[in-house]
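Numbering (my numbering), first residue to last: -19 to 40.
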């Protein structure tokens, strides 16, 4: 396996409101060093899937 096939992410969650159980999710794509912010963890995971799929398509 080469390093090209590994996609790394850092996911950080922060509670913004204990009353409403609101969180902010910061997703960092390590290879591009870009941060993307979400209101739901599920949205961050969906974005990770999109990034990995896009990279797989570029390899073909």
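Where a beta carbon is used, it is the ideal one built from N, C-alpha and C, also for glycine.
For residue i, the three-state DSSP class (helix, strand or coil)
{"i": "residue 32", "result": "helix"}
{"i": "residue 27", "result": "helix"}
Identity of the residues DSSP links to residue i by a beta bridge
{"i": "residue 15", "result": "8"}
{"i": "residue 3", "result": "-5"}
Element boundaries [beta strand (DSSP E), containing residue i]
{"i": "residue -3", "result": "-11 to -3"}
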